[in-house]
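Protein chains in written order, with this note's numbering: chain S, 127 to 433; chain F, 225 to 1088; chain C, 28 to 236. Using N, Cα and C, we set each Cβ at its ideal position, and we do this for glycine too.
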Ligand SMILES: Nc1nc2c(c(=O)[nH]1)N[C@H]1C(S)=C(S)[C@@H](COP(=O)(O)OP(=O)(O)OC[C@H]3O[C@@H](n4cnc5c(=O)[nH]c(N)nc54)[C@H](O)[C@@H]3O)O[C@H]1N2
Ligand SMILES: Nc1nc2c(c(=O)[nH]1)N[C@H]1C(S)=C(S)[C@@H](COP(=O)(O)OP(=O)(O)OC[C@H]3O[C@@H](n4cnc5c(=O)[nH]c(N)nc54)[C@H](O)[C@@H]3O)O[C@H]1N2
Ligand code: SF4
Ligand code: SF4
Ligand code: SF4
Ligand code: SF4
Ligand code: SF4
Ligand SMILES: [Mo]
């Protein structure tokens, strides 16, 4: 079979995501992006809205351990991991990893007094701690958004090279955070302090995501031939199972429906089961969206206008 | 750095090979050699991957499974060289005792220099007439080479890239990948296009040449003659764009032809007559004082009505109106008209050019054909029709025109005056080639053997070099009738894969190969041929591990020289590294065999004869090599080279320099103006030669051996059997073409070339028109079957393209291997020859070449 | 200042893939790695259809996207314009591969034998290839055409330029207005691929028609 690189038309990127050059192993990069998003999101939601140290810690670990390990699995030369930090002035990967370190470091420092490191010279709620928290939140936010910039920086991949990428990835990360937080709290039996705020936030996020996806697809469909081809693949090839089926229907529409449904449901257990299901679906949708976007990343042909 | 000649195809480019720690590490073109100009191609560059292929044969191997057949595991058993030689010697001895003619020899077209010594000379020494080159009746040239020989004293033609302004290609790639002197032509063609030469390509497929041409004319396969004859008709009858001067002096156009179709001859001298306009009477064509003679008109000589042959051609052509031709070839009549006019006008008839102080006719147009247009039932006349435009406008071997390839004239190496040969006229004034690779000259026609001696009956005909008769269903019956007393006994095959190259593999195997008692093959791989048919396989060296005499010089059998002005080059091949494992150069085995069989003197005599004929000169090898001395190929080479180039230029000199070059002369390149030779626009002698062959056939009770009515004097288009296919299910015409990435079937095992081919959309696919694909519900990349009316099938992956006629389907290269000995090649690409029928109906009645037209139906794999 | 560049004359090119093979032979690139390649572009409807072979290689851009995105500094632009990958610095993140508009970058997990697919070489030549490749590149990193920097240092042309049977490729200094490349670009309206990405590619194409 012909390698992608030799194809005269739009050429799929074969580097990032499942189904890349190394099939499974390249999926580690997708996992890194996914874990980075939801982990950072979980930290933000957990510390901001519900003040759950456990959930925040899990978010932090997902990034600090999960994302890191995924990156290491992905890299061709994991031993040289440290080199990834060297070019923050030009490279979004360097920046992203700096954000990640900042986030993990400050997040850990912020949580330290609560997780057994009482000796640190600050306590939760102190102004120093607030400052740490603020930096951690900033770091988390940047981790949530940088992968959007990574993709958007690729000029020849029209379906990535759009200003929609960072907000899209950011909202997905935040929604992922909500879902993760909800699931963590449910699993640990913790009480969600501000459940209603969280639920309405989720509804807002889901609606935003839906809107962004619609705008994204519409704008791509009106863009270059390569972007149109990306849309075609997203909507009418096998990839549509992930994009339409999992990401849009299961990951957006069903949770949205469930969110409203749960309000109608008076039975508490039923309501929380519905919410948990919705959270799982959202996460699946999150992964699928990222997967679909990576897979639908097509380079413009070398001769876009033909011979 | 060691200089040698590449052997990945017969282009034989001079290359510099880099060796490090005893290993070949790289190959580059030699920038100073005119043979390649320092360029090289993908195949040449990939040679190390062939040299070091772990699937290469390293030891002699004998068959243990007595069963032969396609897909059968031969059960190879490694044996020692000693055992192998004993086995082979005994089989050959038995063969000599039975009848030495039972030996069949087959040689590679890729290694003509080696083939000469390995096969041709040994065959002669052994005393068998039986021989063919790689593809047998399906090889390139039954029609093409012979017509090339008759009209250009050369086995092919090429445009004079330096001066040509309009080249019309009919099924050939010259300068675009395959074809002859591939690299040299590639550069020349690129230069020509950069200069502004226009190229018009008639091809059912948007081939490389068609895609880089000014104009692609998608013609139906096998109909070129109709198109070309309509163009000649227009030139002659409508536009009056003929070079009368050329027709009068350089063709038999003015020769008077009587009612019987034969020349009217002078009573005393027997020479053909022309009508002298000045004294208004007949005169022998070569008489002094003929200032002007008639090309047209009706005359009477001794009471017999006669007309100049040009007049007959003119009349004959009238039926080829563009409209009539268009109905056959699928090209609009207006296109034929336009191209004919452009061709005629661009020829600038009457103009001259001065080169090197010599005033020569300048005819910057060329009509060029080769493998594609000749692979048909009517191939002899197809080729004649395609060469004809050049001879109507006088564009033959003059600046700008169609040039003989590996020119037929060489006035001698300046240092010694050796290697001298030229063309000459026969008594009828017609062109006779003087260094011709095949066993018989294209002209004058040889007398038919009565009865024929060869198993393919080639020697009772006059045009064919090989036929496929030995594989027809009726072969036994024919051998019986022609009283051929012997049968296939031993076959020696050198560097061929007959199962994949000679028509339908099953027919060849069952009707022919299985009849041999013993088949020995010298190869570098165990291919489908060895697996299906060979009893003994001997591991030859590849071209990087052995010597070869003269890989380029235009007389060794293949003329892969640059065409046009420039330099001549004599290059050798030499071992860059010692042969690996137990590989042995075939020539060493042949010398050894000659001694073991007591054929030493016969072999040396055959070599002497070959060398003299091919390289021009004389050398007494029997004297030079003592009777007790062990035969050595190096010694023979040394003697030959010193004889040609002087004492100081022996093998040692060549080993150091790789090649010797010297400038070409205008008289050599544009030889036609300097030699008083004519070509037949009316092939009168075919009538005579055809009658003789027919008489032999009738004598032995096979009156309808071929369709004798095709043995006429004037060109016609005759349909291929497929053109008459009535069943509408078989709606696609299948044909093949050569990929620049491969040489026949032998390079698919090279993993670099294989990988590139997999990444090229054409090489390994079936090319189908996009609309046809849509109509049949076939999508890009689908697997489909092609099936001919007899049920033979080929399977492959479809590539949809707009660059092919909707009623045609193309297969590239000679791929689709299944041999166990070729793990890289196995299962890659599509095997075309499975679809070919080998029989009388698919043989050209004049050249006996194989028709490779096939009508197929196409259906998706899985469905019917 | 010198700015090395290449001109590919599409009128001369016969899509023969010699450049593809020449690069492979010169650099011993392992299976799947093609620093040079030829893609086939077709447009139009039968019978007015045209097809063009388009030889590709790293454009050694003056404004290389790959360099901008590379987080490790492994990719750098030399003063003469060649964009290099220091394989001892590369981590194999392949950001450069997705950012390069020309598909010039190749990732190879490891050297593999062409015949067996093994990490163990199947012949002395394969062992040599392996050695050459691992000198040129590392495992698990990205590599690409470097305009045959080693050959250029020795005053030679890039391998693909020397090999091309149609002499369709010319190499030289784009800054020097007198150089063959500059002259060809000027006279034959040479153009870069995807100028809209502002990569300022150093490979120019001369039109076929
Ligand atoms: N790379 C490479 N070079 C080679 C060889 C090789 O195998 N590989 N083989 C060598 C040998 S032995 C030979 S004989 C020569 C052959 O060299 P070419 O004559 O160039 O051979 P092909 O490519 O087979 O055929 C040329 C074209 O004919 C077209 N064609 C097929 N049928 C028809 C038809 O009926 N009419 C017309 N007008 N066109 C048709 C095909 O589409 C193809 O484009 O090449 C020699 N050089
Ligand atoms: N389908 C199809 N059939 C064709 C053609 C086609 O293009 N397509 N072309 C036709 C034409 S024009 C021709 S001329 C013939 C050619 O037909 P063949 O000459 O039979 O060509 P191949 O099938 O390539 O066989 C060449 C063999 O030589 C072996 N070989 C390579 N190098 C060496 C060496 O150094 N020493 C030895 N001893 N062996 C070596 C290879 O392994 C291979 O088995 O095919 C004809 N048949
Ligand atoms: S054209 Fe033929 S001889 Fe020349 S380099 Fe290529 S394979 Fe070798
Ligand atoms: S080697 Fe030259 S002619 Fe062949 S594809 Fe490459 S650029 Fe074109
Ligand atoms: S072509 Fe691609 S890899 Fe080469 S310099 Fe430009 S951006 Fe970098
Ligand atoms: S793969 Fe290597 S060269 Fe490419 S961006 Fe990453 S570190 Fe830089
Ligand atoms: S310049 Fe050198 S490295 Fe680049 S494609 Fe050509 S041969 Fe390969
Ligand atoms: Mo041939």
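- Residue 296(S) sits in a helix when the DSSP states are folded into three classes.
- Here residue 600(F) has 446, 606, 944, 1075 and 1077 as same chain residues with Cβ atoms under 7 angstroms from its own Cβ, once five neighbours each way along the sequence are excluded.
- Selection 148(C), 109(C), 143(C) and 128(C) evaluated against residue 139(S) yields 128(C) as nearest (Cα-Cα).
- Between residue 74(C) and residue 1027(F), the alpha-carbon positions lie close to 7 angstroms from each other.
- Each of 795(F), 290(F), 877(F) and 929(F) was checked against the Cα of residue 776(F), and the nearest Cα belongs to 795(F).
- At a cut-off of 9 angstroms between beta-carbon atoms, residue 993(F) makes no contact with chain S.
- Considered as a whole, the stretch 613-673 of chain F harbours 626-628 as its complete beta strand (DSSP E) runs of no fewer than 3 residues, in chain order.
- Distance from the Cα of residue 712(F) is smallest, within the candidate group 316(F), 269(F) and 302(F), for 316(F).
- Residue 321(S): member of the alpha helix (DSSP H) spanning 321-347, first to last residue.
- Counting only runs that start and end inside the stretch 795-849 of chain F, the alpha helix (DSSP H) elements of at least 4 residues fall at 810-820, 824-839 and 845-848.
- Within 7 angstroms of the CB of residue 985(F), the CB atoms of chain S belong to 128, in sequence order along the chain.
- Assigned with DSSP and collapsed to three states, residue 448(F) falls in helix.
- The set of residues with a C-beta under 6 angstroms from any non-hydrogen atom of ligand 3 comprises 230(F), 232(F), 233(F), 235(F), 236(F), 237(F), 260(F), 264(F), 265(F), 267(F), 268(F), 406(F) and 407(F), given in chain order.
- Judged by DSSP in its simplified three-state form, residue 443(F) adopts coil rather than helix or strand.
- Under the 9 angstroms criterion on CB atoms, residue 210(C) is classed as non-interfacial with respect to chain F.
- The distance from the Cβ of residue 861(F) to that of residue 875(F) is about 5 angstroms, consistent with a contact at the 8 angstroms cut-off.
- Remark: the shortest separation between the CB of residue 251(F) and any heavy atom of ligand 2 does not fall under 8 angstroms.
- Around the CB of residue 483(F), fewer than 16 other CB atoms lie within 10 Å, so the residue is classed as exposed.
- When distances are taken from the beta-carbon of residue 128(C) to the heavy atoms of ligand 5, the shortest one is below 8 angstroms.
- Going by C-alpha positions, residue 568(F) is about 13 angstroms away from residue 452(F).
- At a cut-off of 9 angstroms between beta carbons, residue 982(F) contacts chain S.
- Going by DSSP, residue 593(F) is part of the beta strand (DSSP E) stretching over 589-593.
- Counting only Cβ-Cβ distances below 7 angstroms, residue 132(S) has contacts in chain F at 983, in chain order.
- Residue 1060(F) sits close to residue 728(F), with the two beta carbons spaced by under 9 angstroms.
- Look at residue 705(F) here: in three-state DSSP terms it is helix.
- In the displayed model, residue 33(C) falls within a strand according to three-state DSSP.
- The three-state secondary structure of residue 855(F), taken from DSSP, is coil.
- Counting only unbroken stretches of 4 or more residues, the alpha helix (DSSP H) elements lying wholly within the stretch 233-307 of chain S are 253-278, in sequence order.
- Ranked by Cα distance from residue 231(S), the first of 211(S), 221(S), 267(S) and 190(S) is 190(S).
- Residue 317(S): not part of any alpha helix (DSSP H); DSSP gives it neither H nor E.
- Residue 179(S) and residue 318(S) have their C-alpha atoms some 12 angstroms from each other.
- The stretch 743-758 of chain F makes contact with the stretch 1039-1050 of chain F, as at least three CB pairs between them are under 8 angstroms.
- Here residue 834(F) is not near residue 377(F), since their CB atoms are 9 angstroms or more apart.
- The continuous stretches of alpha helix (DSSP H) do not include residue 70(C), which lies in the beta strand (DSSP E) extending over residues 64-72.
- Distance from the CA of residue 287(S) to the CA of residue 169(C), rounded to the nearest whole angstrom, comes to 23 angstroms.
- With a cutoff of 8 angstroms, residue 1062(F) does not count as near ligand 2, since its C-beta is closer than that to no heavy atom of the ligand.
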